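Notes follow the structure.
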Amino acid sequence: MLATTAPNSLVMNPTSMLVEMKSFIPSSYTFETEIQKIKQELLQGDLDCTAKDETDEEYLYEMQDIIDHLPKLPEIQQQKLTIPEFDEIEVKATDSVEIKKFIRKVNYEFLGFHCNHK
Numbered sequence: 001m002l003a004t005t006a007p008n009s010l011v012m013n014p015t016s017m018l019v020e021m022k023s024f025i026p027s028s029y030t031f032e033t034e035i036q037k038i039k040q041e042l043l044q045g046d047l048d049c050t051a052k053d054e055t056d057e058e059y060l061y062e063m064q065d066i067i068d069h070l071p072k073l074p075e076i077q078q079q080k081l082t083i084p085e086f087d088e089i090e091v092k093a094t095d096s097v098e099i100k101k102f103i104r105k106v107n108y109e110f111l112g113f114h115c116n117h118k
């Protein structure tokens, strides 16, 4: 026997509730855009905190107060990258073999003639 809910029953079928709910909400309305709008207004400090329910209104005022008291982030500005320039280190005749090898290696890396693949 299939269990069905009677029209006046207290047990609700979730699927039918969703179908019925869609008829109340206009197709042009989306929760995502409304949420984004509320977030934007919260961050700008111009959210209308009035609500039909007093508890909801208090909650909105508290949220606006919390957001208003957060420290402001500094503006991020894009800067051009500067490539560091190094002068070549000269190898002297009096340098030992180890020092000459080290200087060649440093010059090679600092002057940008290498790829650092690993």
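First residue of the sequence shown? That's 1 in full-length UniProt numbering, and the numbers climb one at a time after it. All C-beta atoms, glycine included, are put in the ideal place defined by N, C-alpha and C. Keep in mind the model is a prediction, meaning the values are calculated, not measured.
For this session: Would you mind giving the Cβ-Cβ distance between LYS100 and VAL91, rounded to the nearest angstrom? I have them listed as a contact below 8 Å.
Result: 5 Å
Problem set entry | Supposed close pair GLU54, LEU47 - CB separation, criterion 8 Å | No, GLU54 and LEU47 are not in contact; Cβ-Cβ is about 17 Å, not under 8 Å.
For this session: Counting only the same chain and skipping the five closest in sequence on each side, list residues whose C-beta sits under 6 Å from that of ILE103.
Result: ILE89, VAL91
Exercise. Based on Cα-Cα distance, which residue from TYR108, LEU73, LEU70, THR33 lies nearest to PHE86?
Worked result: TYR108
Exercise. Taking the continuous alpha helix (DSSP H) assigned at THR55, which residues delimit it?
Worked result: 54-69
Exercise. From GLN64 to ILE83, what distance separates their C-alpha atoms?
Worked result: 45 Å
Exercise. Alpha carbon to alpha carbon, how far is THR50 from LYS37?
Worked result: 15 Å
For this session: Excluding the 5 residues preceding and the 5 following ILE67 in the sequence, name in chain order all residues of the same chain whose CB lies nearer than 6 Å to its CB.
Result: LEU42
For this session: Tell me whether ILE99 sits in a helix, a strand or coil according to DSSP, three-state version.
Result: helix
For this session: Can you grab the Cα-Cα spacing for the pair TYR59 / LYS39, in whole Å?
Result: 14 Å
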